[in-house]
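Residue numbers (the numbering used here): 11 to 150.
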């Protein structure tokens, strides 16, 4: 995969290991090649990505920092699947999994639904009472 600092993408230049090492964000994925995502993805995809990050930055300030690291292309590991119960709790007590990254869904709708179910599971774990018809069906 390619890694690029958001600031470099916005400035139209490829990232280098030197610039990435001087950043305040440390890469979590180590086996990558610094480069220019703008050259690897269609222009429309890059424009939409930049627009999305800037809009979400209004809700999550700092997300669109020049130091934010981007990886491309998106890689999905559907074959890896977390083992969970009906309320999305994993075999590690207190750890809940949801969405595509956990291998439990394919797509935003089902990913969102597993997130809601995990939230219900967390509330149950915290001893909160949930009065919801759909939740009561899932719980059975």
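Just so it is clear, CB atoms sit at the ideal spot from N, CA and C, and this is done for glycine as well.
Bear in mind that the values here come from a model prediction, so they are computed numbers and not experimental data.
Contacting residues, own chain, Cβ-Cβ under 8 angstroms from residue i (five flanking each side not counted)
i: residue 133; result: 140
Proximity winner among the options, relative to residue i (alpha-carbon distances)
i: residue 131; options: 109, 120 and 104; result: 104
i: residue 17; options: 110, 78, 90 and 119; result: 78
i: residue 75; options: 63, 111, 31 and 84; result: 63
i: residue 107; options: 73, 92 and 119; result: 92
i: residue 135; options: 80, 111, 117 and 100; result: 100
Residue i, DSSP secondary structure in three states
i: residue 39; result: coil
i: residue 15; result: strand
i: residue 121; result: helix
i: residue 50; result: helix
7 angstroms Cβ shell around residue i - same chain, five flanking residues per side excluded
i: residue 115; result: 109, 121 and 124
Proximity below 9 angstroms, CB of residue i to CB of residue j
i: residue 83; j: residue 41; result: no
- prompt: Are three or more beta carbon pairs between the stretch 45-52 and the stretch 24-31 nearer than 8 angstroms?
  reply: yes
message: Using a Cβ distance threshold of 8 angstroms, determine whether the stretch 119-134 contacts the stretch 93-109, with at least three qualifying pairs required.
response: yes
- prompt: Does the pairing of the stretch 54-70 with the stretch 27-40 give three or more beta-carbon distances under 8 angstroms?
  reply: no
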